[in-house]
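Taking it in order: structure first as structure tokens, then the write-up.
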Amino acid sequence: MNDSELKQRTKRFALRVMKLVGALPENAVGRPIGNQLIRSATSVGANYRAACRGRSKAEFVSKLSIVIEEADESCYWLELIIEGQLLAKGKVESLLDEANQITAIMVASRKTAKAE
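Everything in the sequence shown is counted per numbering that gives the first Met the number 0, starting at 0 for the first residue and increasing by one.
If you want it as structure tokens, here you go:
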């Protein structure tokens, strides 16, 4: 997967999360979790784009670390939505899988970049 494909994939992830958050209950539990999830999920793509524009390998690796952190945080919020039964598991599972896959891809990319 090249940079352009990963940029598109992280953007699609953010857009899917935006739709999911729109389905969360508008209450004291759903709102803050939705806000946190939107923040972390949209940050994945934004920081990946910033990493791609990095001026050095060190900057690239540093930005990728932020992407990994935000993708993993997105996993956490999605897990809370499932385990807290805010939405049906079937509505959230594919997004959680995608967040885990993005995390794994970025971890592998960071390892490769550090080794070069």
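A virtual CB, placed ideally from N, CA and C, is assigned to each residue, including glycine.
Let me check understanding here. Comparing Cα to Cα, which of the options lies closest to residue i?
i, options, result
"Ala40", "Thr102, Ala114, Glu115 and Lys110", "Thr102"
"Ala22", "Gln100, Ala107 and Leu77", "Leu77"
"Gly44", "Gln7, Arg109 and Leu94", "Gln7"
"Leu5", "Glu115, Lys88 and Ile104", "Ile104"
"Ile126", "Lys10, Ile37 and Glu58", "With the chain covering 0 to 115 only, the question about residue 126 has no answer from this structure."
"Gln35", "Val20, Asn99, Pro24 and Asn26", "Val20"
"Val28", "Glu82, Ser55 and Lys56", "Glu82"
"Glu97", "Ser55, Arg109, Ser61 and Arg11", "Arg11"
"Glu69", "Asp2, Ser55, Arg30 and Ala13", "Ala13"
For residue i, does the three-state DSSP call read helix, strand or coil?
i, result
"Leu14", "helix"
"Asn99", "helix"
"Leu85", "coil"
"Glu115", "coil"
"Met105", "helix"
Mind pulling the beta strand (DSSP E) runs of 3 or more residues that sit fully within the segment 22-65? none
Cβ contact (3+ pairs, closer than 8 Å) linking the segment 65-85 and the segment 37-52: yes
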